Amino acid sequence: MQWETVIGLEIHVQLATNSKIFSGASTAYGAEPNTQACAVDLGLPGVLPVLNKEAVRMAAMFGLAVDAKVAERSVFARKNYFYPDSPKGYQISQFELPIVEHGTLEIVLGDGERKTIGITRAHLEEDAGKSLHEEFSDST
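The opening position of the sequence shown corresponds to residue 1302 in this note's numbering, with each subsequent residue numbered one higher.
Following this line, the structure appears as structure tokens:
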């Protein structure tokens, strides 16, 4: 019997946008804790997320770069779970209809051999906050 090695990777990328994916809050690095969160980020009643157009553009450009299918319609859903860095108790993410599917990336190995790596999907989702336990060990 012949076996084929198949390795799956899940790679996370933070897009270099000026605001968050579903709110106008800044993404500037190094700001004081809790200064870059707004009502949408906190999931307060009555607020609705608005998708960041630049994030969509970047995802579509990635899809084109890897010769993938860029969806004309994609769907976001709430993924409900408790996570200490997510004050809302849910994350807005994509699964069923992601923005990018079925891409490929060709690489050249050291010996000149070419390999094609399949890209199943790329989707957009909001990132959780960041706990700073090491820096604030006497606080929660």
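Ideal Cβ positions, reconstructed from N, Cα and C, are used throughout, including at glycine.
Computed from a predicted structure; not experimentally measured.
Apart from the 5 residues on each side of it in sequence, residue 1360 sits with its Cβ closer than 7 Å to the Cβ of 1400, 1401, 1423 and 1425 in its chain, given in chain order.
Residue 1394 and residue 1409 have their C-alpha atoms roughly 33 Å apart. Residue 1381 is bridged by DSSP to 1391.
Rounded to whole angstroms, the gap between the alpha carbons of residue 1382 and residue 1389 is 9 Å.
Remark: three or more beta-carbon pairs, one from each stretch, lie closer than 8 Å, so the region 1342 to 1354 and the region 1308 to 1325 are flagged as touching.
Bridge partners of residue 1417 according to DSSP: 1407.
With 16 or more neighbouring CB atoms inside 10 Å of its own CB, residue 1377 falls in the buried class. A residue is called buried when at least 16 other Cβ atoms come within 10 angstroms of its Cβ; residue 1307 does not meet this threshold and is exposed.
Looking at the DSSP output, residue 1402 shares a beta bridge with 1370 and 1422.
At least 8 Å separates the beta-carbon of residue 1404 from that of residue 1348.
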